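A.B. asks: Before I ask anything, let me first share the structure, which is written out below as structure tokens.
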Amino acid sequence: SSAGRTCERVTCGNCAYVCPSKRPMTELMILAQAGRHGQFDQAAAARPSFSPPFIRANVSSLGMTWKKFILLLPLAGIAVYVFGIKALNVLALSIFSAAAAETALLLVWKKKIRLKDGNAVLTGLLTAFFIPAGAPWWIPALGGAFAVLVGRELFGGTGRYVFQPALLAKIFLIASWPEQAGGWLLP
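Residue numbers for the sequence shown follow my numbering, beginning at 340 and rising by one.
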């Protein structure tokens, strides 16, 4: 009878699809559940889990990050087309400051610089989308750096943050400089 069970396993499969930390979460949940009920079976533990979305791709978080970046480039192109060179300045400053902030932090922490993973670049791009094209140069620079240093790294790093870093940067900028960061430039 299932009435005596305290917990049933529910797997959505998202953690099995692409986990940034490369942990086999679905398989670990199956093992934990089997061990809790005294039903540990080595053969069953070795079988792959087939929870939704049923797609098993050999895709790394590195590949997914750069794909997201590439998919957002047309939107950046439209922003430059509509708002002109001001939008390009915001995009470049935000991306550069996010990458520079991550590099500086990793140098201070004496860790391997990981710009190739693209997370800082993607965070900078997303942050730039929340900043008006007419903002002073220091707004996107601060926004990109804040998104990486506070929004992402303070909350545990890539894949572990509680809030979306770009949105956290936007909130910080509007709360600190509402005139410069809160308005919108009409095309």
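Glycine is no exception: its CB is placed at the ideal position from the N, C-alpha and C atoms. Note that the structure is predicted; figures quoted are calculated from it, not measured.
Drop a sphere of 10 angstroms on the beta-carbon of K509, count the other beta-carbons inside from all chains shown, and report buried for 16 or more, exposed for fewer.
C.D. replies: buried
A.B. asks: What's the C-alpha gap between P475 and L525?
C.D. replies: 16 Å
A.B. asks: Shortest alpha-carbon distance to L488 belongs to which of P471, G473, T466, A472?
C.D. replies: T466
A.B. asks: Using only the alpha-carbon positions, how far apart do L493 and G522 sit?
C.D. replies: Spanning the two alpha carbons is a distance of roughly 28 Å.
A.B. asks: Tell me the rounded alpha-carbon separation between Q503 and K407.
C.D. replies: 15 Å
A.B. asks: Would you kindly report the start and end of the unbroken alpha helix (DSSP H) that includes G482?
C.D. replies: 477-485
A.B. asks: Is S436 buried or exposed, if buried means 16 or more other CB atoms sit within 10 Å of its CB?
C.D. replies: buried
A.B. asks: Does the beta-carbon distance from G483 to L410 come in below 9 Å?
C.D. replies: no
A.B. asks: Closer than 6 Å by C-beta to W448: which residues in its own chain qualify, once you throw out the five before and the five after it? Chain order, please.
C.D. replies: none
A.B. asks: To the nearest angstrom, how far is the alpha carbon of A514 from that of K451?
C.D. replies: 33 Å
A.B. asks: Using DSSP with H/G/I as helix, E/B as strand and the rest coil, what is Y500?
C.D. replies: coil
A.B. asks: Taking buried to mean at least 16 other C-beta atoms within 10 Å of its own C-beta, is L454 buried or exposed?
C.D. replies: exposed
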